[in-house]
Amino acid sequence: MAKHDLDPNYLDPNYEPVVNHTENTPFHQVLSARMQRRTLMKGSVGAALASVMGLGLAGCGSDSNDGTTSSNVSSTDIGFKAVPTSTANEAVVPEGYSTEAFLPWGAPITGSYPAYKPDGTNTGAEQEQQMGMHHDGVHFFPIDLKAGGNSSSEGLLVMNHEYINQGALHANGATYVNDMRPADEVRKEIAAHGVSVVHIKRDTNGKWDIVFGSPFNRRITGNTEMDIRGPVRGYSKLITKYSPDATETRGTLNNCAMGPTPWGTYLAAEENWHGYFANGDATQPREQTRHGVGSSSRYDWELADSAADQYVRFNVSTIGATAADDYRNEANTYGYMVEIDPFTPESKPQKRTALGRFGHEGVIFAPAKEGEPVVCYSGDDSRFEYIYKFVSSKPYYAATAGGYLLDEGTLYVARFNDDGSGDWLSLDLDDADFAAKVAAAEGTQVGDVQFDGFENQADVLLNTRLAADIAGATPMDRPEWGAVDPNSGQVYFTLTNNSRRTEEQVNAANPNANNRTGHIIRWSEEGNDHTATSFDWDIFVFAGEQGTETVVDDEVIVSLTDDNIFNSPDGLWFDYNGRLWIQTDGSDAAPYQNNMMLAANPETREIKRFFVGPVGCEVTGVVSTPDVKTMFVNIQHPDGNWPDSSDPRPRDATVIVTKDDGGVIGA
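Numbering (full-length UniProt numbering), first residue to last: 1 to 667.
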């Protein structure tokens, strides 16, 4: 049972090759005195803040049980005692709160509801009816949402399943026979990816459970049929044996964060999809090299001992006479935001290509306004990649809004200037400035790509990273989750870390070389108009050990203590009252210990640790019911035998958090 010889990096599920070699570092000059970089920590760790903003945030909403707001308590105030760091193999929350593990990997949710088998012998067909593995982004849709309601006792919990643990998934881990993988093992692995839609309800005792037999219960996997929508639909570079007209594909993979749309659907992000494909050709097209597709894949699905196309398609080598005879273009059907309508279980998921093709971490919408364009933001989670914004060409009207709004519009990429201003750079060939940059770049080397132009706008979107290189965007320290403050309209993004940034590569928005702990950046669009093409930005907080300081004009705004040290901010979410929740996916060594979730007051920048996960996990994905009295927190890749000490296999699960007095979480 020898492992197929592949790139050992792919054994690391968080492996993200650096594929941006364009040297888009426009801030080599010394920062202004107002934006100086200072060493403020013990040892060699640096922290700094570049800021020209002084915008206040106005709290609104309710923290009281009767729906009123106290005149002397803001809805964003943090009303719990911070929990300490932890090495315990359990979820830790403040005094007065309780937790319960819910919907673990393998829990039956649809079809014939096959029971989970702790010995790893569930089949591929059974896994297609069970909760997937490695829970990630999650959202709660009230069951009465389509009728204008906001139930907090019943709804659809929809979540992503990013990747898998082969050792836990199978009875004996991944196996090989004559260098081939058993087809049902591969089927099971593909089924453990994707998205779960689960109808849940709280009983009169406050207990949440699955509504068994509900027509809404559904699994979307790496084999589910999907439509290609938007400008890339029908483009020749998406032609495959499965879809000769380039309008369809199968599956969604490596779904990390997500985004609920203003019209009540769910967008799943396709992040590190490059690792699922193998290309043995001597040369690869730029659509693959700029993303890191290699000669071998992470899980060797292309080596399944079956001639079925559902497995063969992961080999993206040139095999047939034309693209319609093989799967050389299969990887081009991945790297998008995928829209799923949880209330219409018979509907096909839609890959929304107008939002660009890259390593989407997620998507976050600005508040939708009647008669105005829809605006959403997305980060490309890899070192030295970019932050994007999409503005629809059609206006939003609540009565008729739908996914069509995401099929036409303008995709922008962010440039963060060293004076605290920023610009949204159009990636549209109809934009004169972008077209001029494209023309000037033709025939030149752009990073590792010999650039020979774009055929059309579909080609631009298929090669979004390359287009952003040419536009002159700012390379960031792994932009991950975003969040829009419901009170101020400011946009926040986590920049998780970037240990490969050198002193020569620092810029104002990413000022720390060897940035191992990360930071959170935020901006305000000009005129508080999310369709604007300029903005002002600052850094909300630098992560790090005790003593890390975030400074504005020599004034310490945040100084981390034992109550809030953290590293590698990842998940980010504003609750319905305006508190900011920060989740981590970083080092679990001292002083940070297990990964965690913190609450932040965006008005005061007060930050407190609220939740610590079990050993070895990433804390990722958070949402609450509309009344903010039940919180759902996802735990990914725990070690050991969490959450069931009697189970020999670790199981990803959702943690339900409630306040013992029935009150608002965090208040």
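Where is the CB? At the ideal position from N, CA and C, for every residue including glycine. It should be emphasised that the depicted structure is a prediction, and the values quoted were computed from it without experimental measurement.
Give the list of continuous alpha helix (DSSP H) stretches no shorter than 4 residues that lie fully inside the region 282-320.
286-289 and 309-312
In whole angstroms, what is the alpha-carbon distance linking E555 and E549?
10 Å
Just list the beta strand (DSSP E) runs in the region 191-223, keeping only unbroken ones of 3 residues or longer that don't cross its boundaries, in chain order.
194-202, 208-210 and 218-220
Across which residues does DSSP place A278 in a beta bridge pair?
G294 and N315
Which of the three DSSP states is assigned to D325 in this structure?
In the structure shown, D325 sits in a helix (DSSP, three-state: H, G or I).
So, for R181: in the same chain, excluding its five sequence neighbours on each side, which residues have a beta-carbon less than 6 Å away from its beta-carbon?
D300, L303 and A304
With distance defined between alpha-carbon atoms, name the residue in T502, L253 and G234 nearest to P244.
G234
Could you tell me which whole beta strand (DSSP E) segments of length 3 or greater appear in the region 400-473?
409-416 and 421-426
Report the three-state DSSP secondary structure of D485 (helix, strand or coil).
coil
Thinking C-alpha only, which one of R609, D639, F610 and L572 is nearest G616?
Out of R609, D639, F610 and L572, D639 has the C-alpha closest to the C-alpha of G616.
Determine the contact status of Q583 and V619, defining contact as a CB-CB distance below 8 Å.
yes
Would you report the Cα separation of D77 and Q505, rounded to the nearest angstrom?
Approximately 38 Å between the Cα atoms of the pair.
Nearest by alpha-carbon distance to L461: which of G96, N223 and L238 is it?
L238
Provide the residue span of the beta strand (DSSP E) that contains L156, from first to last.
Its beta strand (DSSP E) spans residues E154 to H161.
Straight-line CA distance for A268 to N255?
6 Å
Below 8 Å, can you find three or more Cβ-Cβ pairs linking the region 461-471 to the region 491-506?
no
Excluding five sequence neighbours on each side, which residues of the same chain lie with their C-beta closer than 7 Å to the C-beta of M357?
Note that residue 357 corresponds to Arg in the displayed sequence, not to Met. Counting only Cβ-Cβ distances below 7 Å, and skipping sequence neighbours, we find G335, Y336, L461, L462 and T464.
Whole angstroms are fine: how far does the CA of A91 sit from the CA of E545?
Their Cα atoms are separated by approximately 22 Å.
Is the beta carbon of V655 less than 8 Å from the beta carbon of Y576?
Annotated as distal: V655 and Y576, with beta-carbon spacing of 8 Å or more.
Contact check, D647 vs N507 under 8 Å by CB: the rounded distance?
With a Cβ gap of about 47 Å, D647 and N507 do not count as contacting.
Per the contact definition of three or more C-beta pairs closer than 8 Å, is the region 559-575 in contact with the region 401-417?
no
Under a Cβ-count criterion, where at least 16 other Cβ atoms within 10 Å of its own Cβ denotes burial, should R138 be classed as buried or exposed?
One point to set straight first is that residue 138 is Val, not Arg, in the sequence displayed. V138 is classed as buried because its beta carbon has at least 16 other beta carbons within 10 Å across all chains shown.
Exposed or buried, residue 669, counting other C-beta atoms within 10 Å across all chains shown (16 or more means buried)?
Coverage of the chain is limited to positions 1 through 667, which leaves residue 669 absent and any answer about it impossible.
Below 8 Å on the Cβ atoms is my guess for V338 versus M226; work out the distance and round it to an integer in Å.
7 Å between Cβ atoms; contact.
Exposed or buried, which one is T252 when buried takes at least 16 other CB atoms within 10 Å?
buried
E270 lies in the beta strand (DSSP E); which residues open and close that run?
Y266 to E270
Roughly how many angstroms lie between the CA atoms of D660 and H134, to the nearest whole one?
28 Å
Roughly how far, in whole angstroms, is the beta-carbon of R649 from the beta-carbon of P118, given that I think they are within contact range, below 8 Å?
6 Å
Closest to I387 by C-alpha separation, out of A401, T400, A398 and S426, would be which residue?
S426
Less than 8 Å between the CB atoms is what I'm expecting for L466 and R328, so what's the real figure, rounded?
With 8 Å as the limit, L466 and R328 do not qualify as a contact, their Cβ atoms being about 19 Å apart.
Using CA atoms only, rank isn't needed, just tell me which of I665, A600, Y377 and G359 is closest to P626.
The candidate whose alpha carbon is nearest that of P626 is I665.
Check for me: the beta strand (DSSP E) holding G621 runs from which residue to which?
E618 to S624
Going along the chain, which residues of its own chain have a beta-carbon closer than 7 Å to the beta-carbon of T221, five neighbours each way excluded?
E128, I190, A191, H193, G194 and G251
Nearest to G371 by alpha carbon, out of A399, T353, K389 and E503?
A399
In or out: V19 buried (at least 16 other Cβ within 10 Å) or exposed?
buried
Is it the case that the Cβ atoms of N172 and W642 are separated by a distance below 8 Å?
no
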